[in-house]
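The structure appears below as structure tokens.
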Amino acid sequence: MERLALLRSFSFSSAAGRTFIFGSGSRCQRLISAQYQQRQQLRQLRLLRRPFSQNGAALRRRWMGSRRGFSIAPQAVSTSPAPTSPSGTDESNEIALKLGFKKVSEEFIDECKSTATLYKHLKTGAEIMSVTNDDENKVFGIVFRTPPKDSTGIPHILEHSVLCGSRKYPVKEPFVELLKGSLNTFLNAFTYPDRTCYPVASTNVKDFYNLVDVYLDAVFFPKCVEEYQTFQQEGWHYELDDPSDEISFKGVVFNEMKGVYSQPDNILGRVCQQALFPDNTYGVDSGGDPKVIPQLTFEDFKEFHRKYYHPSNAKIWFYGDDDPTERLRILGAYLDQYDMSLAPNESRVQLQKLFSGPVRVVEKYPAGEGEDHGKKHMVCLNWLLTDGELDLETELTLGFLDHLLLGTPASPLRRILLESRLGEAIVGGGMEDELLQPQFSIGLKGVSEDDIQKVEELVMSTLEKLAEEGFDSDAVEASMNTIEFSLRENNTGSFPRGLSLMLRSMGKWIYDKNPFEPLKYEKPLQSLKARIAEEGPKAVFCPLIEKFILKNPHRVTVEMQPDPKKGSEDEAAERELLEKVRASMTEEDLAELARATQELRLKQETPDPPEALKCVPSLSLDDIPRKPTQVPTEIGEVNGVKVLRHDLFTNDVLYSEVVFDMGHLKQDLLPLIPLFCQSLLEMGTKDLDFVQLNQLIGRKTGGISVYPFTSSVRGKADPLSHVIVRGKAMGGRVEDLFNLIRCILQDVQFTDQKRFKQFVSQSKARMESRLRGSGHAVAATRLDAKLNAAGWISEQLGGISYLEFLRNLERRVDEEWSEISSSLESIRGSLLSREGCIVNVTAEAKILEESNKYLSKFLDAIPSSSPSGITSWTSRLPLTNEAIIVPTQVNYVGKAANIYEGGYNLHGSSYVISKYIGNTWLWDRVRVSGGAYGGFCDFDNHSGVFSYLSYRDPNLLKTLDVYDATANFLRELELDDDTLQKAIIGTIGDVDSYQLPDAKGYSSLLRHLLGISEEERQIRREEILSTSVKHFREFADAIEVVKEKGVVVAVASADDVTKANEEKGGFFEVNKVL
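Using the working numbering, the letters of the sequence shown map in sequence onto residues 93 to 1166.
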């Protein structure tokens, strides 16, 4: 579950880099980035059971934080194993037995340089994987098998609820208290279709064990099974403010899932999964169906916890450099309170038997009224691959096959589907194997009704042709190198490496299989490479297509039809149900319901007393280093270009960024930049078509990406605007990396009209999907565009203005291609220059030294001068309150203003205060009592914009009232020393977030671009550490300007906007986008 909302997710946001005064971006942003990176990096291997699914409800992430920051990766590579015990194996066995555990097996896992020991708790049968190494980013996780029998969302609601107070920590939200005063590098919870995970991570051992203890007490002894109001708050309840009012449904999960069920892609994923698995637990929605959630009773909720949240049904994971004996000691204190249970038998997931023949399912999804629905159909073909068990090598080979089919733009199945122009974008995740049985899904969205059958036929004929002819040898080599590079690099982004391994292991372990096996890829990888060398790729991969797809009778074709009436019909059905409930009540019943509503709200809005909060463990300021982490940086020059070098251990990988200035770009070309970046990587040269170029990149490097980057700069009117080319390669392939970067920058030809039109259609489909699923990000971008030039640029590159541009461009491509092609060349001409160029490289000293000659040769090929004239970016959108209308059951509400213009001068305390507002006032009022899935604030220290945002919010004007009351909340706030100290420590936890070497080098680059010195970082840190109550009062005056002069943007439903305009006399200017 998302413990708080998402944020701007595109890399060119004006928020990008704002926290590089300190280090990485916010924890919230890092989680988003990490999960995406982990999916992309490890999806090829398929040993990892990903924390994602086609079903939008398959995983609910729990997080908290602001929307600040640019997404980057953490942590250093583990290089050597730690011994299981300094006293030897026999002694460790004896210690384990004394603590109540039996060692089942132990292995050294060379792939992750770790010793892994499997224990069993003698009294309960609980299983523990204790992984020891020298990684300071310690990870703990406890996982329960939690298969639901219906779609009331019990696992999901329980996952929310257990962290709302426990026996040892009897406060409203220990989870939030941990966020306030912890140095955690990960704090979250996941609901899968068949299991629930509770992981934490920290580099500080004291902090780590605090987190572990709070989580163990939460899952085993939660208050929620005794407190009906927690069930109401997190799950569902009837709400009635006055006996004369209408009754409504409220509840955090209820509103979350209304948001999920508003997104067509999520609806498609749910329908596909349930159609593939009609006979087992995957045939229902563990996240909860909003139509079914109100059928859940408190008694069923309590029974589910009693039945499944038992040590006998638990898999427990420890990882890192802490004492393995202490791990067992901590666990024993909890597990020894239980006896053996039958829960493992009752929670076992049953296999879905294969169908005897294909099945077809037709469903509808809510579409916008008045829009053209001609090409809005979706079709997805799905296969359940087996009803038995696959060996590791077959799983690995299927993972490679998936990458060959779909892993890159050049992959044949993906390419042929998109080139067909039968649809706008791919749907279906390819191979999905995080459940008991693997599945394969592929299809298109943006399809006309007449072309549904053609899509199905094209999928089948393409697979048949590939099964017959096989794959190009270069494609196989590229896939092999890409996957092997990812495995050896082991870059899990900001996702802790130990958590990535836990999720990988859990994919087997949760089904009572070998937990060690998924961690060991080397042997099956070498075996697969040997087979390919000996038998040829055709003999290895083609039979798999035949067996698991073409001759597999268990095929489900799902067709989704747009229905402009469905949204209003669903809302009408809900109102009718609530009217029946109201009609069944007496006047006394209604009065009692109104009283209960007020009682619940009072409980939600009443803070825990300071003495109660002291039960939640936290660090002290003495545990916090006084100086920020510094990245070794040497600034030099090559051929007139500034070069930043970072000497860091990277496991023989060189990471490089080449930064080009967008300052010479004509303003009318700006919206073409994202498509220009895509074209560089997905169009061909004179000598190489795009497939060959893509394969060459895969064979020679670890990947190349190109994207725009924009940010305000504090104290300057003009924003930063750059295009960044990022690449990575092994030390021996650095020459290839720079040759390929030069090739894509200079040799790619913008002549493929058909492919460019594909890019436009794909981008338009992504933006339309983003409007429904990430309305908060759209609102944030729109707000910034009204308040500063960097925000306006970002909006042109990825907001509503960009969507409008794409819709117009899609029509223009056929008629004005020559002009568009020339515009792309003009962009290249204005960007490619050594003037204003910066190169950033991160690697070990030897590789840095050896790379100089290749870098020099690369820069020689870049023109030394650029077109005359600098573009001044001064445009902004009108300062009007705007409602962006989309078909949705929930809203995303934003309000912002520039507090620098109101006279505020930056002080480090603003980070502490912003985080505190989000963790307390907005959390309690927007989420807990307001029923939104999330509410948060953000202060962009570069532009001065302070903004509020809500996520999957049932309210609109009520939420704005909460925003406007924030300054008074700060003025009336009484902070004791413990609370203030926690707020400071939690902020430092964000500032000092863990980073991998590539992320350290990249964050150093962004600080350089933004003009942030080490001296300034130190000053801000000291200001954070010295934050006082006085600063809270002063900041209240600063954000008063948001109340008085702020502008509002809401992504919302037509009905809610109409009601708001009736109530506040045309408050919103209406912009119907979908």
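By construction, the Cβ of each residue, glycine as well, lies at the ideal position given by its N, Cα and C atoms.
- Task: Express the C-alpha separation of Leu-837 and Asp-781 in angstroms, rounding to a whole number.
- Result: 15 angstroms
- Query: How big is the Cα-Cα spacing for Gly-460 and Tyr-984?
  - Reply: 17 angstroms
- Using DSSP with H/G/I as helix, E/B as strand and the rest coil, what is Pro-458? strand
- Task: Would you mind sorting Thr-678 into buried or exposed? The rule is 16 or more other CB atoms within 10 Å of its CB.
- Result: exposed
- Check Ile-962 in the structure and name its three-state DSSP category. coil
- Task: Report yes if the CB atom of Val-1165 is closer than 8 angstroms to the CB atom of Ile-912, and no otherwise.
- Result: no
- Segment limits, alpha helix (DSSP H) that includes Met-572: 565-581
- Where Arg-160 falls, given that 16 or more other Cβ within 10 Å makes a residue buried: A caution first: Arg-160 carries a pLDDT of 26, below 50, which makes its placement in the model too unreliable to give a value.
- Distance between Ala-809 and Glu-516 (C-alpha atoms, nearest Å): 39 angstroms
- Task: Take Leu-670 and list the residues in its own chain whose beta-carbon comes closer than 6 angstroms to its own, dropping the five residues that flank it on each side.
- Result: Ile-339
- Query: Terminal residues of the continuous alpha helix (DSSP H) containing Ser-253?
  - Reply: 246-253
- Check Ser-956 in the structure and name its three-state DSSP category. coil
- Message: According to DSSP, is Lys-600 part of a helix, a strand, or is it coil?
- Response: helix
- With 16 as the cutoff for other CB atoms within 10 Å, does Gln-618 come out buried or exposed? exposed
- Message: Among Glu-556, Ala-502 and Lys-394, whose alpha-carbon lies nearest the alpha-carbon of Ala-570?
- Response: Ala-502
- Message: Checking 8 angstroms against the spacing of the C-beta atoms, do Ala-425 and Ala-218 come in under that value?
- Response: no
- Under three-state DSSP, which class holds Thr-478? coil
- From this set, Thr-417, His-1034, Ile-1009 and Ser-943, which residue's C-alpha is nearest Gly-1170's C-alpha? This structure gives no information on residue 1170, because the portion of the chain shown stretches from 93 to 1166.
- Given Lys-1074, which residues of its chain have a CB within under 6 angstroms of its CB, disregarding the five upstream and five downstream residues? Lys-272, Gly-273 and Ser-710
- Measuring CB to CB, does Ser-1001 end up less than 8 angstroms from Phe-1031? no
- Item | Through-space distance from Gln-981 to Arg-119, alpha-carbon basis | Summary for Arg-119: the model assigns pLDDT 28, below 50, so the residue's position carries little reliability, and this model does not support an answer.
- Item | Whether Val-235 touches Thr-277 by CB criterion (8 angstroms) | no
- Query: Are the CB atoms of Asp-566 and Arg-791 nearer to each other than 8 angstroms?
  - Reply: yes
- Task: Below 7 angstroms CB to CB, which residues in the same chain sit around Glu-1115 once its five sequence neighbours on both sides are set aside?
- Result: His-999, Gly-1000 and Ser-1001
- Determine the burial state of Phe-741: buried for a count of at least 16 other Cβ atoms within 10 Å of its Cβ, exposed for fewer. exposed
- Query: What is the C-beta distance between Pro-92 and Lys-658, in whole angstroms, given that I count them as a contact (C-beta under 8 angstroms)?
  - Reply: Lying outside 93 to 1166, the shown extent of the chain, residue 92 is not represented and no answer is given.
- Message: Quick check: what's the CA-CA separation for Gly-1195 versus Gly-380?
- Response: One cannot answer for residue 1195 here, as it falls past the ends of the chain, which runs 93 to 1166.
- Item | Beta-ladder partner(s) of Val-1139, from DSSP | Ala-988
- Message: So Leu-923 and Met-754 are supposed to be a Cβ contact under 8 angstroms. How far apart are they, rounded?
- Response: 7 angstroms
- Item | Cβ separation of Leu-477 and Phe-640, assumed to be a contact under 8 angstroms, to the nearest whole Å | 5 angstroms
- Message: Classify Val-1149: buried if its beta carbon has 16 or more other beta carbons within 10 angstroms, exposed otherwise.
- Response: buried
- Message: In whole angstroms, give me the CA-to-CA distance for Asn-606 and Gln-321.
- Response: 41 angstroms
- Message: Quick check: Asp-431 and Lys-719, are their CB atoms within less than 8 angstroms of each other?
- Response: no
- Is it true that the region 754-772 meets the region 961-975, where meeting means three or more beta-carbon pairs spaced less than 8 angstroms apart? yes
- Message: I'd like the list of long-range same chain contacts for Asn-1153, defined as Cβ closer than 7 angstroms, with 5 residues on each side in sequence excluded.
- Response: Phe-1159 and Phe-1160
- DSSP state of Glu-318, grouped into three classes? coil
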